[in-house]
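*Asks:* Listed in order, the protein sequences are those of chains A and B.
Counting along the first sequence from 1, when you hit position 165 you're at 165 in the working numbering, and nothing is skipped either side.
Counting along the second sequence from 1, when you hit position 45 you're at 45 in the working numbering, and nothing is skipped either side.
Heads up, the beta-carbon is just placed ideally off N, CA and C, and yes, glycines get one too.
Below you'll find the structure I mean.
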Amino acid sequence: MTKRFIKILLIISVCIICVPLSMNERTVDAFSNQVIQHGAVGDDVIELQSRLQYLGFYTGKIDGVFGWRTYWALRNFQYEFGLPIDGLAGTTTKNKLAKASKYNEQYVKEQINKGNKFTHYGGMDLNKQSAPKKTGSGGAANKGGTNGGNAGKAGNTGQSGNAAKAPAQQQAAPQAPANPPKQPTAANVPSGFSQNDIQLMANAVYGESRGEPYIGQVAVAAVILNRVDSASFPNTVSGVIFEPRAFTAVADGQIWLTPNEQAKEAVLDAINGYDPTGNAIYYFNPDTATSGWIWTRPQIKQIGKHIFCK
Amino acid sequence: MIRGILIGVLALGVAGTAFWGYQEHREKNAILINAENNYQRAFHDLTYQIDLLNDKIGTTLAMNSRTSLSPALAEVWKITSEAHSDVGQLPLTLLPFNKTEEFLAKIGDFSYQAAIRDLDKEPLSDKEYNALKELYGQSADIQKELRNVQHTVLNNNLRWMDVELALATEEQPNDNTIIDGFKTVEKTVDGYGETDFGPTFVNMKKQDDGYKYLEGKDITKEEAKKIALKYSGFGNNANIQVTENGKGSDVGFFSVSVQDKKSKQEANMDITKKGGYPIWFILSREVKDAKISLNDASNKAVKFLKDNDFENLDLFESSQYDKMGVFTFVTNENGVRIYPDAITVKVALDTGNIIGFTAEEYLRSHHTREIPKPKITAAEARKEINPNVKIMDESLAIIVNDLNEEVLCHEFYGTLGDDTYRIYINAETKVEEKIEKLQNAEPIYEDVV
Chain A
1 MTKRFIKILL
11 IISVCIICVP
21 LSMNERTVDA
31 FSNQVIQHGA
41 VGDDVIELQS
51 RLQYLGFYTG
61 KIDGVFGWRT
71 YWALRNFQYE
81 FGLPIDGLAG
91 TTTKNKLAKA
101 SKYNEQYVKE
111 QINKGNKFTH
121 YGGMDLNKQS
131 APKKTGSGGA
141 ANKGGTNGGN
151 AGKAGNTGQS
161 GNAAKAPAQQ
171 QAAPQAPANP
181 PKQPTAANVP
191 SGFSQNDIQL
201 MANAVYGESR
211 GEPYIGQVAV
221 AAVILNRVDS
231 ASFPNTVSGV
241 IFEPRAFTAV
251 ADGQIWLTPN
261 EQAKEAVLDA
271 INGYDPTGNA
281 IYYFNPDTAT
291 SGWIWTRPQI
301 KQIGKHIFCK
Chain B
1 MIRGILIGVL
11 ALGVAGTAFW
21 GYQEHREKNA
31 ILINAENNYQ
41 RAFHDLTYQI
51 DLLNDKIGTT
61 LAMNSRTSLS
71 PALAEVWKIT
81 SEAHSDVGQL
91 PLTLLPFNKT
101 EEFLAKIGDF
111 SYQAAIRDLD
121 KEPLSDKEYN
131 ALKELYGQSA
141 DIQKELRNVQ
151 HTVLNNNLRW
161 MDVELALATE
171 EQPNDNTIID
181 GFKTVEKTVD
191 GYGETDFGPT
201 FVNMKKQDDG
211 YKYLEGKDIT
221 KEEAKKIALK
231 YSGFGNNANI
241 QVTENGKGSD
251 VGFFSVSVQD
261 KKSKQEANMD
271 ITKKGGYPIW
281 FILSREVKDA
291 KISLNDASNK
301 AVKFLKDNDF
311 ENLDLFESSQ
321 YDKMGVFTFV
331 TNENGVRIYP
341 DAITVKVALD
351 TGNIIGFTAE
361 EYLRSHHTRE
371 IPKPKITAAE
381 ARKEINPNVK
391 IMDESLAIIV
401 NDLNEEVLCH
411 EFYGTLGDDT
421 YRIYINAETK
431 VEEKIEKLQN
441 AEPIYEDVV
């Protein structure tokens, strides 16, 4: 009899221990294990932005890039929920966030894949938060309904007001569907440069030095940037690149070859401060250089086939 | 009969070819003229801007009232920048324009700095006034020379394209009035040497005073090899090559390239001779798909810096570019961030290896500083900020301002609309030293990056 009683007791206690454990596990499952920080890109960021938007903290575009708006939204969330304010989405923050919000992954991913403009506010019919021609997402609408009940929870923290303020719906942007699924729809760019600037530089670097080792390509990109900085050259990337007779690749049209990934990476490195040339503003290939004048420049070093000089 | 047809066909052929050739010729000419016009426009525009420049500097000299001086100087600044852009459109290898461009940049910097200064509080010093006078004289000389060239060009109907064509067919253009004329201009400028702008003038050009704060003994080639090997992490089975810097560099460094014999991966690195500090390091290899998070990568970067004796560094910016994490660190001394001391570390997100590192800025500027106590409080500094900006965060920082000086500032992060700004208020003078709009993520356009 007592044995049986103990058995029951054991089962009960196991249950008591296990239930919260399993619940914990479920909430952690929401995100992957990583600590998400400023600058990160990817699925976890999409989820983070969606959840923050659900609670009304994040009003920006869900694009999968942890930028400044996401950062401030996260910090506000941490402040409102009494967490240490560090702007990092660590385990505790992620758990709190997962508990307080719902994330309709299917809906969000679908919108992203379709290239729709959309929002993910809690307490609102999701169908109203995007304006696409989608038809078969009754599931999403249902979930939107259940989400509505949850918004009360967020209301405890004084955030429901925010959520209600959220713009009811946004225009659909009829864009061509993005390539593979689940991709973030934005990219980090170094301060002061656009993706097009990078592309233009990559073109120049590729045209000028595609036969060179990687380091030689970084060097060519660095020279372009050094020229932009230099008082003796135009002050813009395009000005430097298209200065007549400055680069042979521009003169003979090789600049319009399609650059590979390596050239782009080299450009990014140079923009991020890598300068293998020691501040050179000229370079030449000693085998093909026609101008005698270039030999009079003080030389700094040789990388691959190019000699870099002041 | 056959002969007749043959003649007919041939005649048609000849006529067709002639017509085609004529078309081509016309097209070529049209393009040539177009290119020529571009050069001509840039050239004539340049002479016009120099005329204007000379005029304006002349008028500023006569001005006394500060209220008119500031806009006039701003105007000078604008003109130099336009002239500068005109020079940039003229063919580079034909003519060594450096001196002329530098001269323009110098006037531009000077007038800009004087224009933005509060001339009521800090009027032009005598030295600056004299510098301005000197510039006036010099710009008059340049103006004269340029007008000479312009006159010859117009009179003799000279064409830039002729020079271009001569170059394209690899003949050396020995005698060319345009080139000779510009060489004279260049020589004239060269003769001016350095104008003395007075003590408050700091050239805005990127300062290139080498690594003056470095300490330690000079290292040998062998030591450089060892350092590079350690950074590369290749173990002992590697080919190492060391070369010394050329004469054109103002700092001594060794360039080391290390190749792993097994994987054929190559690491390159520059190391200062003095003290053996790493200037930059790049390991080139293909990076596979990202497996670790940006946060893990940043921890690796932190550990890497610690292992290599870089201390008191704060992670300041992190960004994920596809399969790479790029982290910028700055020195933090007693809670004051020192922005000139920047180090960038690049981590591959597949294995978490360090594949790049640059400490150039850090080595140029890092030294023990006396950080003064801020004279105004953060609350006082806050009042200087546009009230529409919502302040999110604040701290103290040392930055390099427009005049190329290190200044202690209250640093504020604030938002206005959708954008985040970094605002620096001088902790001594309350001057708004710098406002930066922080970069937002850029939407991906089709097929870009």
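1) Starting from A:V237, trace the alpha helix (DSSP H) both ways and give me its first and last residue.
2) For B:S255, which residues in chain A fall below 7 Å Cβ to Cβ?
3) Classify B:I2: buried if its beta carbon has 16 or more other beta carbons within 10 angstroms, exposed otherwise.
4) Is the Cβ of B:V258 closer than 7 Å to any Cβ of chain A?
5) Using the beta-carbon count (16 or more within 10 Å), is B:V14 buried or exposed?
6) Would you please verify whether the beta carbon of B:V185 is less than 7 Å from any beta carbon of chain A?
7) Among residues of its own chain, excluding the 5 on either side of B:T184, which ones have a beta-carbon nearer than 6 Å to its beta-carbon?
8) When you compare only the Cα positions, how much space is there between B:M324 and A:D86?
9) Please state whether the Cβ-Cβ distance between B:E411 and B:Y424 is less than 7 Å.
10) Check the Cβ-Cβ distances between A:Y274 and every residue of chain B, and say whether any is below 7 Å.
11) What residues from the segment 243 to 262 of chain A come within 7 Å of chain B, judged by C-beta to C-beta, listed N to C?
12) Please check if any C-beta of chain B sits within less than 7 Å of the C-beta of A:E25.
13) Contact criterion: CB-CB distance below 7 Å. Does B:T351 meet it with respect to chain A?
14) For a contact defined as C-beta to C-beta under 8 Å, what are the partners of A:R297 on chain B?
15) Look up B:W20 in the DSSP assignment and say whether it is helix, strand or coil.
16) Return the CA-CA distance between B:E274 and B:N353, expressed in angstroms with no decimal places.
17) Note down the Cα distance separating B:E102 from A:D229, rounded to an integer number of angstroms.
18) At a Cβ threshold of 7 Å, is B:E102 touching chain A?
19) Which residues, taken in chain order from the segment 192 to 214 of chain A, show a beta carbon closer than 8 Å to some beta carbon of chain B?
20) Cβ of B:S395 less than 7 Å from any chain A Cβ?
21) Is B:T100 buried or exposed, if buried means 16 or more other CB atoms sit within 10 Å of its CB?
22) Give me the Cα-Cα distance between B:S68 and B:E128, rounded to the nearest whole angstrom.
23) Count the other CB atoms, across all protein chains shown, that sit within 10 Å of the CB of B:I142; report buried if there are 16 or more and exposed otherwise.
24) Note down, in chain order, each residue of its chain lying with its Cβ closer than 8 Å to the Cβ of B:K206, except the 5 sequence neighbours on either side.
25) In the structure shown, what three-state DSSP assignment does B:A342 receive?
26) Could one say the Cβ of B:T344 lies closer than 7 Å to chain A's Cβ atoms, at least one of them?
27) Interface residues of chain B around A:T91 at Cβ under 8 Å?
28) Extract the residue ranges of the beta strand (DSSP E) inside the segment 200 to 252 of chain B, only unbroken runs of 3 or more that lie entirely within it.
29) Whose Cβ in chain A lies nearer than 7 Å to the Cβ of B:P91?
30) By DSSP, does B:R3 sit in helix, in strand, or in coil?
31) Who are the Cβ neighbours of A:N235 in its own chain at under 7 Å, not counting the five residues just before and after it?
32) Closest by CA to A:I294, which one among B:I219, B:L46, B:D86 and B:G248?
33) Whole angstroms is fine: what's the gap from A:A172's alpha carbon to A:D125's?
34) From the DSSP output, read off the bridge partner residues of A:F313.
35) Hey, how far is the Cα of B:H366 from the Cα of B:G276?
36) Going by beta-carbon coordinates alone, are A:G64 and A:V45 separated by less than 7 Å?
*Replies:* Let's see:
1) V237 to F242
2) K301
3) exposed
4) Proximity of B:V258 to chain A, defined by a Cβ-Cβ separation below 7 Å, is not satisfied.
5) Looking at its Cβ environment, which holds fewer than 16 other Cβ atoms inside 10 Å, B:V14 is exposed.
6) no
7) E145
8) B:M324 and A:D86 have their C-alpha atoms spaced approximately 23 Å apart.
9) yes
10) For A:Y274, a Cβ of chain B is located within less than 7 Å of the residue's own Cβ.
11) E243, P244, R245 and A246
12) Only weak support exists for where A:E25 lies, its pLDDT of 39 falling under 50; the coordinates are left without a value.
13) no
14) G248
15) helix
16) Here the sequence assigns Lys to residue 274 of chain B, which means Glu is not the residue at that position. Looking at the two C-alpha atoms, the distance is approximately 28 Å.
17) 12 Å
18) yes
19) G192, S194, Q195, N196, I198, Q199, P213 and Y214
20) Residue contact with chain A for B:S395: absent (no Cβ-Cβ distance below 7 Å to any residue of chain A).
21) buried
22) 17 Å
23) buried
24) Confidence at B:K206 is low in this model, with a pLDDT of 46, below 50, so the placement of that residue should be treated as unreliable; the coordinate-derived value is given next. Same-chain partners within the cutoff: there are none.
25) Strand, per DSSP.
26) yes
27) Within chain B, no residue comes near A:T91; the closest Cβ sits about 12 Å away, beyond 8 Å.
28) 238 to 244
29) P244 and R245
30) helix
31) V228
32) Nearest option by C-alpha distance: B:G248.
33) Note that A:A172 has pLDDT 37, beneath the 50 cutoff, so the model's placement of it is unreliable and the number below is only indicative. Spanning the two alpha carbons is a distance of roughly 16 Å.
34) Since the first and last residues shown for chain A are 1 and 310, residue 313 of chain A lies out of range.
35) 15 Å
36) yes
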